[in-house]
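Enquirer: Structure in structure tokens, see below.
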Amino acid sequence: MIPAAARPSLAAKARLRFDRASGGYMLLYPERGLALNPTAASILRLCNGELTVEAIVERLQGEYSERPAPEMRQDVLEFLEEMVRRGLLQVPA
Amino acid sequence: MSPAPRPYTLVAELTYACPLHCVYCSNPIDFARHRDLLDTATWRRVLRQAERLGVVQVNFTGGEPLLRPDLEALVEEARALDLYTNLITSGLPLERARLERLRRLGLDNVQVSIQDARPAESDRIAGREAFQRKLEVARWVKELGFPLTVNTVLHRENLDRTGEVIALAEELRADRLELANTQYLGWAFLNRQALLPTREQIERARSVAAAARKRLEGRMEVVFVVPDYYVEFPPACMDGWGRRFLVVSPDGLLLPCLLAHTVPGLSFGNVREQSVEELWTSSPGLLAFRGEDWMPEPCRGCTRRSIDFGGCRCQAFHLTGNAAATDPACSLSPDRALIEVARAEAVPPPGRLVEFRYRSARPPAAG
């Protein structure tokens, strides 16, 4: 579990890039890239090492108000954990 | 004809020259013939045109890309285009100040090849003293804040030390470790008998790598690439011919893979004469094996044809003489015996060292 007070940031090897062809964002890292859906892109763009997990959750809940808040929280936390598992996000201890 | 797919990665082979003589080098055996190098302005144009076509990553490779004094200019151009830039290097010849300069210019990732976890064994494969220098370079990479990829090519002589290679990569704080089994093309094909491991070696190394992948999850990505000779179905070579990867050779040929120009009868245009887009969409060599129309049986009727794209065209040619044949690495190939014979001859590393044919500008006579 990522603590709510942690301030996640992209791993050194990962970089976000706007993709003209699709109009979305891609997360690029060595030999690979992920095409991000709009929610994933919104989350990662907030992972700047300054905002806490809690703050990111709140921003997303505000931005996607049509989705029930508890479910949005769950979505964000699961996504962040998956990114940490893949080594694409770092969470300073 | 369906529209050409979008390429995502440009493999920019800046030169075939290299200070090392690795016995499994993926450059063509007659690399020394290709000495008319593209100039800086042309490479800049290739980067711009590739990006316009959809490319998001560029791998600067070779040979040894550090031998080009304009590497800095090309990294700068690539970053101005917001491309993810990867330097794929042997680590020689590199000074720390140059690496610092590349860092300032925005180079994203550095991949250093290390041939083995032990100095003498590593240098034996490289054909010169290089191991200590590589470790020093890998340490600079991390000290300067770059992400580090360590690439080790695996074969009969070092597979049993896979655990040591992983430990070395951990010690170097690598972000990614590529344990890439030798693919038997080019120089590796010449040295196949000396390099091809046994199935037991592969299986042991694979389980060592799997355990490490789990243990290091989130810290170091561990990639283990099985050699084609020990699979039931071939991997999707280059993700399919002319599909996601766009390779430009040091002398300007636009290729679907590193060795496509060694297949006789295929004609690839040159970026000196035509744009990247023109060549990608309509060069005869790219059209030859793009999509599924070229496929023979058993590929044509096989449900895996959209997964592996018929395997490797260069391997099909080098083993059967026919580039349009099903890759003999596939268990369904009528030529599978060619692989099985080679496998049956594979033995564990002998007590004494065998002789290699080292990569050199004077290619050995065919044998």
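Here the protein sequences line up with chains L and S, keeping their order. When you line the first sequence up against my numbering, it's residues 1 to 93, in that order. When you line the second sequence up against my numbering, it's residues 94 to 460, in that order. All C-beta atoms, glycine included, are put in the ideal place defined by N, C-alpha and C.
Using the C-alpha atoms, what's the distance from S/Thr-396 back to S/Phe-382?
Expert: About 18 Å.
Enquirer: Any C-beta of chain L sitting closer than 8 Å to the C-beta of S/Pro-442?
Expert: Chain L, which has no Cβ nearer than 8 Å to the Cβ of S/Pro-442, makes this no.
Enquirer: The alpha helix (DSSP H) with S/Glu-157 in it runs from where to where?
Expert: Note, S/Glu-157: premise wrong, no alpha helix (DSSP H); not H, not E.
Enquirer: May I ask which residues mark the beginning and end of the beta strand (DSSP E) holding S/Val-149?
Expert: No beta strand (DSSP E) contains S/Val-149, which DSSP labels as neither H nor E.
Enquirer: Going by CA-CA distance only, name the one from S/Gly-184, S/Ile-218, S/Met-331 that's closest to S/Thr-102.
Expert: S/Thr-102 has its Cα closest to that of S/Met-331, out of S/Gly-184, S/Ile-218, S/Met-331.
Enquirer: What three-state label does DSSP hand S/Val-440 in the structure shown?
Expert: In the structure shown, S/Val-440 sits in coil (DSSP, three-state: anything other than H, G, I, E or B).
Enquirer: DSSP beta-bridge partners for L/Tyr-25?
Expert: DSSP lists L/Phe-18 as partners of L/Tyr-25.
Enquirer: So what does DSSP say about S/Val-301, is it helix, strand or coil?
Expert: S/Val-301: helix per DSSP, three-state reduction.
Enquirer: Could you confirm whether any beta carbon from chain L is found closer than 8 Å to the beta carbon of S/Val-104?
Expert: Not closer than 8 Å to any Cβ of chain L, the Cβ of S/Val-104 fails to qualify, so no.
Enquirer: Within 10 angstroms of the Cβ of S/Val-369, are there 16 or more other Cβ atoms? Answer buried if so, exposed if not.
Expert: Buried, since its Cβ has 16 or more Cβ neighbours within 10 Å.
Enquirer: Does DSSP classify S/Ala-396 as helix, strand or coil?
Expert: Reading off the sequence, residue 396 of chain S comes out as Thr, not Ala. Here S/Thr-396 sits in coil by DSSP.
Enquirer: Do S/Ala-454 and S/Ile-400 come within 8 Å of each other at the CB atom, strictly closer than that value?
Expert: Not closer than 8 Å, so no.
Enquirer: Against chain L, with Cβ distances strictly below 8 Å, would S/Gly-311 count as a contact?
Expert: It does: the Cβ of S/Gly-311 has a partner Cβ on chain L nearer than 8 Å.
Enquirer: Sort out for me which residues DSSP pairs S/Leu-339 with in a bridge.
Expert: S/Leu-339 pairs with S/Leu-103.
Enquirer: Can you give the beta carbon distance from S/Thr-242 to S/Asp-268, rounded, assuming they're within the 8 Å contact cut?
Expert: Indeed, because the Cβ distance is near 7 Å, the residues count as touching under 8 Å.
Enquirer: For a contact defined as C-beta to C-beta under 7 Å, what are the partners of L/Leu-28 on chain S?
Expert: Those within 7 Å of L/Leu-28 in chain S are Val-149, Gln-150, Tyr-177.
Enquirer: Does L/Val-76 have its Cβ less than 8 Å from a Cβ in chain S?
Expert: By this cut-off, L/Val-76 is not an interface position.
Enquirer: Report the three-state DSSP secondary structure of S/Val-243 (helix, strand or coil).
Expert: Note: S/Val-243 maps to strand in three-state DSSP.
Enquirer: Run through chain L and tell me which residues come within less than 8 Å of S/Gly-238, C-beta to C-beta.
Expert: Those are Ala-12, listed as they occur along chain L.
Enquirer: Could you work out which residues of chain L lie near S/Glu-314, taking near to mean beta carbons separated by less than 7 Å?
Expert: By Cβ distance, chain L contributes Gly-87.
Enquirer: Between L/Ala-4 and L/Thr-52, which are expected to be in contact by the criterion C-beta below 8 Å, what is the C-beta distance as a whole number of angstroms?
Expert: At roughly 7 Å, the Cβ-Cβ gap stays under 8 Å, so L/Ala-4 and L/Thr-52 are in contact.
Enquirer: May I ask you to report which of helix, strand or coil DSSP gives S/Val-168?
Expert: Helix, per DSSP.
Enquirer: Does L/Gly-33 come out as helix, strand or coil in the three-state DSSP assignment?
Expert: Strand at L/Gly-33.
Enquirer: Tell me whether S/Glu-170 is buried or exposed, calling it buried when 16 or more other Cβ atoms sit within 10 Å of its Cβ.
Expert: It is buried - the Cβ of S/Glu-170 has at least 16 other Cβ atoms within 10 Å.
Enquirer: Between which two residues does the beta strand (DSSP E) holding S/Glu-314 run?
Expert: Run containing S/Glu-314: 314–318, per the beta strand (DSSP E) assignment.
Enquirer: Please list the partners that L/Val-53 has in chain S, where partner means a Cβ-to-Cβ separation under 8 Å.
Expert: Neighbours of L/Val-53 on chain S: none; closest Cβ ~16 Å, over 8 Å.
Enquirer: Which residues in chain S sit within 8 Å of L/Gly-33, going by Cβ to Cβ distance?
Expert: Neighbours of L/Gly-33 on chain S, chain order: Tyr-101, Val-149, Gln-150, Tyr-177.
Enquirer: Taking a contact to mean a Cβ-Cβ separation below 8 Å, would you say S/Arg-406 touches S/Val-356 in this structure?
Expert: Cβ atoms of S/Arg-406 and S/Val-356: closer than 8 Å.
Enquirer: Quick one: is S/Gln-286 buried, meaning 16 or more other Cβ sit within 10 Å of its Cβ, or exposed?
Expert: S/Gln-286 should be labelled exposed.
Enquirer: Whole alpha helix (DSSP H) runs in the region 52–90 of chain L with 4 or more residues, listed along the chain?
Expert: With a minimum length of 4 residues, the continuous alpha helix (DSSP H) runs that stay inside the region 52–90 of chain L are 53–63, 69–85.
Enquirer: Among all the DSSP beta bridges, which residues are the ones paired with S/Tyr-177?
Expert: Note: S/Tyr-177 sits in a beta bridge opposite S/Gln-150.
Enquirer: Return the first residue and the last residue of the alpha helix (DSSP H) that S/Ile-203 is part of.
Expert: As written in the sequence, residue 203 of chain S is Val, which differs from the Ile given in the question. No alpha helix (DSSP H) contains S/Val-203, which is instead part of the beta strand (DSSP E) from 202–206.
Enquirer: Figure out for me which residue from S/Thr-108, S/Thr-291, S/Glu-193, S/Ala-303 has the closest Cα to the Cα of S/Asn-251.
Expert: With distances taken between Cα atoms, S/Asn-251 lies closest to S/Thr-291.
Enquirer: If you drop the 5 nearest sequence neighbours on each side, which residues of the same chain put their C-beta closer than 6 Å to that of S/Gly-460?
Expert: Low per-residue confidence applies at S/Gly-460: pLDDT is 43, beneath 50, and the placement is therefore not dependable, though the value from the model is reported in the following sentence. The answer is none, since no qualifying residue turns up.
Enquirer: Name the residues in the region 226–258 of chain S whose C-beta lies less than 8 Å from a C-beta of chain L; which are they?
Expert: Listed by position along the chain: Gly-238, Phe-239, Pro-240, Thr-242.
Enquirer: Taking 8 Å as the threshold (C-beta atoms), are S/Val-116 and S/Arg-450 in contact?
Expert: Their beta carbons are under 8 Å apart, which means S/Arg-450 touches S/Val-116 by this criterion.
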